[in-house]
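Trainee: Sharing a structure here in C-alpha cells format.
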Amino acid sequence: MDLIELKDVHKTYYLGEVAVPVLKGVTLSIARRELVALMGASGSGKSTLMNLLGCLDNASSGEYWLDGKEISKLTAKEYARLRNRTIGFVFQSFNLLPRTTALENVMMPLTYSREYLSEQQKRQHAADLLRKVGLADRIDHQQSQLSGGEQQRVAIARSLVNQPSILLADEPTGNLDSRTSKEILQMFQQLNSVDGITIILVTHDQEVAQWAQRIIRIKDGLLEDNSEPVEAGSAT
Amino acid sequence: MKLYITMKTALNALRRNVLRTLLTTLGIVIGVGAVITMMEIGNGATIAIRKTMASIGANTLVIIPGAANTGGINFGAGSLMTLTPQDADAIVKECPSLASVAPIVRARTQIVYGNRNWSPTYIYGTTPSFLEVREWTELAEGESFDEHDVRNSNRVCLVGQTIVRELFGGRSPLGKEVRIRNVAFKVVGVLKMKGANMMGLDQDDILLAPWTTIKYRVVATSLGSSSQSESATTISSSNNPYVAVSAFLYAVPSATEQASTPQPIRFANVDQILTAARSSSSIPSAIQQITMLLRERHHLKVSSPNDFNVRDMTEITKAMSSTTDMITKLLLCVAMISLVVGGVGIMNIMLVSVTERTREIGLRMAVGAEPGDILRQFLTEAVVICLLGGTMGIILGRTSSYIISSVLHWPTSASIGAIVAAVVVSASVGVIFGFYPAWKASRLNPIEALRYE
Numbered sequence: 001m002d003l004i005e006l007k008d009v010h011k012t013y014y015l016g017e018v019a020v021p022v023l024k025g026v027t028l029s030i031a032r033r034e035l036v037a038l039m040g041a042s043g044s045g046k047s048t049l050m051n052l053l054g055c056l057d058n059a060s061s062g063e064y065w066l067d068g069k070e071i072s073k074l075t076a077k078e079y080a081r082l083r084n085r086t087i088g089f090v091f092q093s094f095n096l097l098p099r100t101t102a103l104e105n106v107m108m109p110l111t112y113s114r115e116y117l118s119e120q121q122k123r124q125h126a127a128d129l130l131r132k133v134g135l136a137d138r139i140d141h142q143q144s145q146l147s148g149g150e151q152q153r154v155a156i157a158r159s160l161v162n163q164p165s166i167l168l169a170d171e172p173t174g175n176l177d178s179r180t181s182k183e184i185l186q187m188f189q190q191l192n193s194v195d196g197i198t199i200i201l202v203t204h205d206q207e208v209a210q211w212a213q214r215i216i217r218i219k220d221g222l223l224e225d226n227s228e229p230v231e232a233g234s235a236t
Numbered sequence: 237m238k239l240y241i242t243m244k245t246a247l248n249a250l251r252r253n254v255l256r257t258l259l260t261t262l263g264i265v266i267g268v269g270a271v272i273t274m275m276e277i278g279n280g281a282t283i284a285i286r287k288t289m290a291s292i293g294a295n296t297l298v299i300i301p302g303a304a305n306t307g308g309i310n311f312g313a314g315s316l317m318t319l320t321p322q323d324a325d326a327i328v329k330e331c332p333s334l335a336s337v338a339p340i341v342r343a344r345t346q347i348v349y350g351n352r353n354w355s356p357t358y359i360y361g362t363t364p365s366f367l368e369v370r371e372w373t374e375l376a377e378g379e380s381f382d383e384h385d386v387r388n389s390n391r392v393c394l395v396g397q398t399i400v401r402e403l404f405g406g407r408s409p410l411g412k413e414v415r416i417r418n419v420a421f422k423v424v425g426v427l428k429m430k431g432a433n434m435m436g437l438d439q440d441d442i443l444l445a446p447w448t449t450i451k452y453r454v455v456a457t458s459l460g461s462s463s464q465s466e467s468a469t470t471i472s473s474s475n476n477p478y479v480a481v482s483a484f485l486y487a488v489p490s491a492t493e494q495a496s497t498p499q500p501i502r503f504a505n506v507d508q509i510l511t512a513a514r515s516s517s518s519i520p521s522a523i524q525q526i527t528m529l530l531r532e533r534h535h536l537k538v539s540s541p542n543d544f545n546v547r548d549m550t551e552i553t554k555a556m557s558s559t560t561d562m563i564t565k566l567l568l569c570v571a572m573i574s575l576v577v578g579g580v581g582i583m584n585i586m587l588v589s590v591t592e593r594t595r596e597i598g599l600r601m602a603v604g605a606e607p608g609d610i611l612r613q614f615l616t617e618a619v620v621i622c623l624l625g626g627t628m629g630i631i632l633g634r635t636s637s638y639i640i641s642s643v644l645h646w647p648t649s650a651s652i653g654a655i656v657a658a659v660v661v662s663a664s665v666g667v668i669f670g671f672y673p674a675w676k677a678s679r680l681n682p683i684e685a686l687r688y689e
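These protein sequence lines map, in sequence, to chains A and B. Here my numbering is used: position 144 in the first sequence is 144, and no number is missing along the way. Here my numbering is used: position 334 in the second sequence is 570, and no number is missing along the way.
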C-alpha cells in the first residue's frame, strides 16, 4: 500500500444555503519516497486538496488512507497530532515567528510534540537541522535579520524537526528569486533522495513542477488524466 | 515541564512587544495598586476613627454600684456602697481585656476663686488614669496630679475649660488656688477642650482632684449618707466655716483612749469605677471578666444577684463599627472598579493580539498545536500580564500608601490580607478577561488563519 491513498474524495463548501463542490471525486495515490508536484490554476481545488492531504481539513466524503490508516473521520485533536508527527509544512510566505531567533523557530513544533526531550536536546536537535540546511552561522539571528532564502531554509528545518514522513510545500519558491528558488528546490530533491522523505510540491509554476518525479494536475475539482511521471532531475 | 514550556512561550510572546505588554500591565498595576492603597488607607482610617470614637468613650465601661433596698424602699442605681478603690486596683490587675481603670468619687458643690464662684457639673475625685480612660491625657497647660498626690490626699486639681472661663475669666489658672467647701486646691493643670457629650452635658465643666482628697477632705461629711451627690445640698455657708471638718460631737479621745478602744477603719467606697476596654471588640470579654472578679471580691453567692452594674456604650460602639465598615467597603468598591477597568484593558489588548497573531496561531496549529495548547498559551499570557501587574501593583500600592502616610500624615497600616487578595484578584482577572480572547484564538480554523493577511 502506498503512503497516501485518496479514494473518491469529495469536498463541498457551503456558502450559506449554496453548496459549492470543490473536489468532485479525487482518487490519488502517492508512494513512499516520491517527489510529486501538484499543479493547477487558482480555483481548481488545488489548495483544498493540499489542505486535505496536510490533515488541516477533512473530506466531505471518500477515504483518506495515510500510512495504512483511514484518517478521514478523525477528531481535530487527532489531526493536530498527525500534523505534528507525520507532516511537515513549508509555506510560500515562510511564516516564521517575528522577533524570534532561527533556533527558537525551529524548536517551536517540539513544544507540541508528546515526546519528552530536555531543553538541551531540543536545542541540539534544532541546531543540527539548521546546520543541515546551511545556516550554521545564522542560528541566533532573528527572523527580521534573515533574507528570504534563509527564512525559507529555517522554515524547512522547522518542518523537519519532528522527523515527518511527508513534507508539504505550498508554493515554496513563490516569494524567492530564481537563484534562491533553485537552491531551495535542490534541497528538497536532496531531502527526498537522501533522507527518503515524501515531498509534495504545490505550485502553479511549470518550471518548479519539472523538479518533481511526477506531476499531478487538477482542474475543476478533478484530476487530469495526463498525470505522467517526469524523469527525475530532468529540469536544469 | 509542560507548565514551564507554556510559561516560556508566553514570556517570549510578551517580550516580542515589550511596550504593549507594559501598557497592558499598567491597567492592572494601577488597579492592584489602588486596591492596596485604598485598603491600607481604609485600615488607617478605621484605626483613626476607632481612636476618635474611643475618645468619645466608645470603649468606656462604667461600673456602678447596685441599688440599695431598705424596708421596701429602693434607692435607685448606685445607692449601694459596695465598690471600693481596691476593686478598681484589682480590676486593672486581673482583667486583661481592660486598658485602664479609674475610680470616681463625685461631689456636687460650689467652688470659689477670689470673688467669683461656680458650681461645676462634675467634681470628680479620681486617679491620674482617669485621663487615660477618657483619652484626655494631653493637657492644655500644666501637668496632671500623680499617684503620689492620690496617696497623700494632696490638695491639687485639674480644671476644665469652662471653669477657666467662668471662674478665672479666661486667664491661666495655673498655680492659683480654688476653694471647694473651704478646702483650698491648687490648680496644677488645665484640661483641653472636649465639648458637650452626647447628652448635651458640658464635659469641660469639670474639676478633677485626687479621689482621696475629695473623699476625705471634701465629702467626708457626707460619708455614710445613702445618696452620693446630695452632699451638694448642704452648701457651705458662712455661719459654719468648719464644714469640711466633721462636727465633733464628743471630746477628742486621747492617745491612750484611742489605743484601748480602736475605732473601725473608715470604709472607703467610690461612687463609680470608670474603665476602658482595650478595643471595642474586647468589650464583651471585659464585661465578663469584671463581673466574675467583682462577684468574687464581693463574696456574692451563686444565687444572689450582682450588687453592681457594668454599663457599656453600645450605641457608640455600633455607630463606630458600621462607620468603619462602610468606609472600608466604599474604598474597596472604588478600587475594584479600577481593577475591572484594568481587566477590560487586558481583554482588549489580548483580542488585538489574537487578531494580530492569527497567522502565528495558524502556523502553530499546522505544526501540531491542539486547540487546548493555543487556549493555554493565550490564557497564560493574560495571567502572566496580570501577575506581573499584580506584583508591580503591590510595590506601587505600598509605596503610595507610604508616601501618603508620610506626606499627608494620614494613618495607613500595611495589610497582608490586601496583598494576598490583590494577587488572587489579579490572577483571576487574568483568567476571566483572558479567557474569551484565548478561547477565540483556539477556535480559529488553521486554514483560514494561515491565509489571514
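In this text, a Cβ means the ideal position worked out from N, Cα and C, and glycines have one as well.
1. Could you tell me the distance, in whole angstroms, from the CA atom of B:G626 to the CA atom of B:V660?
2. Give a yes or no on whether the C-beta atoms belonging to A:C55 and A:L96 are separated by under 8 angstroms.
3. Could you list which residues in chain A have their beta carbon closer than 9 angstroms to that of B:R252, in chain order?
4. Just checking, does the region 198 to 215 of chain A make contact with the region 26 to 40 of chain A on the three C-beta pairs under 8 angstroms criterion?
5. By how many angstroms is the C-alpha of B:G263 removed from the C-alpha of B:G581?
6. Quick check on DSSP: helix, strand or coil for B:L536?
7. Do you know offhand how far B:S662's Cα is from B:V386's?
8. Residues of chain B with CB under 7 angstroms from A:A76, in chain order?
9. What are the uninterrupted segments assigned as alpha helix (DSSP H) that are 4 or more residues long and contained completely in the region 24 to 84 of chain A, given in chain order?
10. Quick check on DSSP: helix, strand or coil for B:Y688?
11. At which residues does the alpha helix (DSSP H) containing B:V454 begin and terminate?
12. Please state if the CB of A:L135 and the CB of A:R153 are separated by a distance shorter than 8 angstroms.
13. Thinking C-alpha only, which one of B:T260, B:A246, B:R251 is nearest B:G629?
14. Please return the same chain residues whose Cβ sits closer than 8 angstroms to the Cβ of A:I223, not counting the five positions on each side in sequence.
15. So, for A:A59: in the same chain, excluding its five sequence neighbours on each side, which residues have a beta-carbon less than 7 angstroms away from its beta-carbon?
16. Does the separation of the CB atoms of B:Q508 and B:I340 fall below 8 angstroms?
17. At a Cβ threshold of 8 angstroms, is A:S113 touching chain B?
18. Mind checking A:Q163: buried by the 16 CB within 10 Å criterion, or exposed?
19. Taking 8 angstroms as the CB-CB cut-off, is B:I585 touching chain A?
20. Mind checking which residues open and close the alpha helix (DSSP H) that includes B:A555?
21. Out of A:L15, A:F94, A:M39, which one is the CA nearest neighbour of B:R595?
22. Quick one: measure Cβ to Cβ for A:S165 and A:T111, integer angstroms, because I've assumed they're closer than 8 angstroms.
23. Taking the alpha helix (DSSP H) that A:D128 falls in, what are its first and last residues?
24. Quick test of your reading: B:A685 and B:F614, contact by CB under 8 angstroms. State the CB separation rounded to the nearest angstrom.
25. Suppose you measure from the CA of B:S753 to the CA of B:E592; what does that come to, to the nearest Å?
26. Can you give me, in chain order, the residues of the region 54 to 67 of chain A that have a beta carbon less than 9 angstroms from any beta carbon in chain B?
27. Just checking: is the beta-carbon of A:M108 within a distance shorter than 8 angstroms of some beta-carbon in chain B?
28. Quick one: does A:R81 have its CB under 8 angstroms from some CB of chain B?
29. Does the beta carbon of B:L599 sit closer than 8 angstroms to a beta carbon anywhere in chain A?
30. Using only the alpha-carbon positions, how far apart do B:T492 and B:R453 sit?
31. Given a threshold of 16 other Cβ atoms within 10 Å of its Cβ, counted over all protein chains shown, does B:N351 qualify as buried or as exposed?
32. Rounded to whole angstroms, what is the Cα-Cα separation between A:Q206 and B:A618?
33. Leaving out five residues before and five after A:Y14 in sequence, what residues of the same chain have Cβ atoms less than 8 angstroms from its Cβ?
34. In the DSSP assignment, find the unbroken alpha helix (DSSP H) run with B:N279 in it and report its ends.
35. For A:F188 and chain B, any beta-carbon pair shorter than 8 angstroms?
36. Can you list, in chain order, the residues of its chain whose CB lies under 6 angstroms from that of B:V328, leaving out five sequence neighbours each side?
Mentor: On the basis of the coordinates in this document:
1. 9 angstroms
2. no
3. L97, P98, R99, T100
4. yes
5. 7 angstroms
6. coil
7. 60 angstroms
8. P607
9. 46 to 53
10. coil
11. Neither: B:V454 is in no alpha helix (DSSP H) and is coded neither H nor E.
12. yes
13. B:T260
14. With the sequence shown as reference, residue 223 of chain A is identified as Leu, and Ile is not the correct amino acid for it. So the qualifying residues of the chain are V26, T27, L28, I216, R217.
15. V9, H10, K11, L52, S72
16. yes
17. yes
18. exposed
19. no
20. 550 to 592
21. A:F94
22. At roughly 21 angstroms, the Cβ-Cβ gap does not stay under 8 angstroms, so A:S165 and A:T111 are not in contact.
23. 119 to 132
24. Actually they are not in contact, since the Cβ atoms of B:A685 and B:F614 sit about 13 angstroms apart, beyond 8 angstroms.
25. The question about residue 753 of chain B has no answer, for chain B in this structure spans 237 to 689.
26. G54, L56, D57
27. yes
28. yes
29. yes
30. 26 angstroms
31. exposed
32. 47 angstroms
33. V20
34. 254 to 292
35. no
36. V337
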